[in-house]
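Notes follow once the structure below has been shown.
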Amino acid sequence: MKKRVSLKWIFCLLGGAILFACSKDYEDVKVDPSIENIQIKNGMLVFSNHEVLKKVINGGKYLYAGYVNQFKSQQRMFEDIIIAESKQMDYLDTLSGESLEKAPKHSPLYELALKERLIKEVFYSDGTSSYDYNLAVPYYSSVINKDGFFAVQDTLYQITENYVKVWIGADLKKIDILAKATNSDTEKNIFIFDYTKGQNFTFENSNVSSRVSFPAPPSTIRKGVVQYLDQPGFNGIIPFDGRFIVTFIDKIGLNLPKYTRDLYIQVVCQKRVNGTNSYGFYGCSFDLTFKVMTETNGVISDAINIGVSGLGSNVYYTFYPSFSMLLEGKTPQVTEDPYTYILSAQFGAYAKINFVDVDGINKDVNAQGIFKMERASIQNQFLYEIISEHSQWLDTVIE
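With my numbering applied, the sequence shown corresponds to residues 33 to 431, in that order.
This is the structure:
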């Protein structure tokens, strides 16, 4: 008997959150309560239900360590690349002249991952470059295998460079059917979402079932500052050739009758690969402060002040306007609540980066990135201002 697929449920697959954010819409999806564990089938993770999937992605991996630790996710692969690249950067720091010129600038693992399109090079507006996940939605990197697959019971998912693919009622032994699909086939319950075409939102709100209204078009923002740490000391030697980046991201997507919102602050520590204009990730400790004023349904909030401390080289924090909360993680939000506009915001991040200098001595270098954005009303454009010294904008990325 063919499964009946709710069109409203399929719309919950659009935007950033994709799967379980529309949890109320899963009430008509039958979950077998006897399935208690995560399984590994055909080289991919198979989850008993979306709640287990959600717990694993949102940091509850320790609850299922017996299963997750056996599985090599793209997140673990990416972490292995960071480790290999760090070792290669340390090696290059010992070289100079012709030896440095001839030495490979990246690790064999990096080159293999780039060749297999597991990662991608990212080129910035200042002429520098780095690398990142090669996924339309990196949020699922902790649960997908090398080819981007995972499943929830008999629903198969694939996250690729450009697509999010869903096959409801799939034969998990025939993943090639979904892998080869580039267009939706409703007769087979296969749905393909092409992220190269963007996620354009209809501001006129023509869907009568939606309770969301937008008095002014929501802004799409990706704005960041970078502070380069390549200042030479008294001896003319640059102790740590790296950079510190703080970025604010606010994007909205179509998810009728609701909308999706990616609302993040990203903190990045990187070290320059000796002999190149490329940067690799490098761990640091940091303190992040966030001060924001919002407007919802014409009501302007009081100033919200939030502070967090963290560790890492590429850390995201999700801002939840309804709760005035800032939590670690890159969690897309799906809601039909009234849209919260940001009127003003100030971001401040202060980092301490520990490194070993040319004499083998452990040292610390401090970095900061502070900028603000504000506007008189939701109808106005933002005005941006850098506050931290020796910083510059880094808001254009060419991929």
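Ideal Cβ positions, reconstructed from N, Cα and C, are used throughout, including at glycine.
Beta-carbon proximity list for residue i, same chain, < 6 Å, skipping 5 on both sides
i, result
"Gln106", "Ser173, Ile176"
"Trp199", "Leu188, Leu210, Ile222"
"Ser162", "Val154, Tyr311"
"Ser376", "Met325, Glu406"
"Phe235", "For Phe235, the pLDDT reaches just 42, beneath the cut-off of 50, and the residue's location in the model is therefore unreliable, leaving the point undetermined."
"Gln400", "Tyr382, Ser420"
"Pro264", "Ile270"
"Gly75", "Asn177"
"Tyr142", "Ile113, Glu117"
"Ile360", "It should be noted that the sequence gives Glu, not Ile, for residue 360. Excluding sequence neighbours, Glu360 sits near Tyr349."
"Leu144", "none"
"Gly339", "Thr321"
"Phe182", "Met76, Leu77, Val175, Ile176, Tyr189"
Contact set for residue i: own chain, Cβ-Cβ below 8 Å, skip 5 residues either direction
i, result
"Leu426", "Tyr156, Ser157, Asp158, Gly256, Val257, Val258, Ile277, Thr279"
"Pro140", "Ala116"
"Ser341", "Ser317, Phe318, Asp319, Leu320"
"Ala335", "Lys323, Val324, Met325"
"Ile89", "Tyr171, Tyr172, Ser174, Val175"
"Ile418", "Val257, Ile402, Phe403, Gln424, Trp425"
"Thr252", "Asp282, Lys283, Ile284"
Cross-strand partners of residue i (DSSP beta bridge)
i, result
"Thr328", "Val331, Thr372"
"Glu417", "Lys404"
"Ile338", "Phe322"
"Thr350", "Tyr296, Leu359"
"Gln424", "Val258"
"Gln378", "Lys323, Lys404"
"Leu343", "Ser317"
"Asn412", "According to DSSP, Asn412 bridges with nothing at all."
Sequence-distant residues of the same chain with beta carbon closer than 7 Å to residue i, five excluded per side
i, result
"Val240", "Only weak support exists for where Val240 lies, its pLDDT of 39 falling under 50; the value from the coordinates is given anyway. Contacts found: none."
"Ala168", "Ile191, Thr192, Glu193, Asn194, Tyr195, Val196, Tyr227"
"Lys73", "Leu204"
"Phe103", "Ile72, Leu77"
"Tyr416", "Lys255, Phe403, Met405"
"Val388", "Asn394"
"Pro353", "Thr326, Thr372"
"Asn412", "none"
Limits of the unbroken alpha helix (DSSP H) element including residue i
i, result
"Ile72", "Counting along the chain, Ile72 falls outside any alpha helix (DSSP H), though it belongs to the beta strand (DSSP E) covering 71 to 73."
DSSP-derived helix/strand/coil call for residue i
i, result
"Lys87", "helix"
"Gln365", "strand"
"Leu144", "helix"
"Gln107", "helix"
Delimiting residues of the beta strand (DSSP E) encompassing residue i
i, result
"Gly312", "311 to 313"
"Val390", "Per DSSP, Val390 belongs to no beta strand (DSSP E) and is neither H nor E."
"Val305", "Val305 -> no beta strand (DSSP E), and no H or E assigned at all."
"Leu77", "76 to 79"
The ligand PLP heavy atom lying under 7 Å from the CB of residue i
i, result
"Gly159", "Among the components modelled here there is no ligand, and therefore nothing to report on the ligand PLP."
Review point. Which whole runs of the beta strand (DSSP E) in the stretch 156 to 230 are 3 residues long or more, in chain order?
Key: Complete beta strand (DSSP E) runs here, min 3: 161 to 165, 181 to 184, 187 to 191, 195 to 200, 222 to 226.
Point to revise | Segments of 4+ residues assigned as alpha helix (DSSP H) that fall wholly inside the stretch 109 to 136 | key: 129 to 134
Practice item. Note down, one range per segment and in chain order, each beta strand (DSSP E) of at least 3 residues found wholly within the stretch 242 to 299. Key: As for any beta strand (DSSP E) of minimum length 3 sitting wholly inside the stretch 242 to 299, the runs are 253 to 260, 274 to 287, ordered along the chain.
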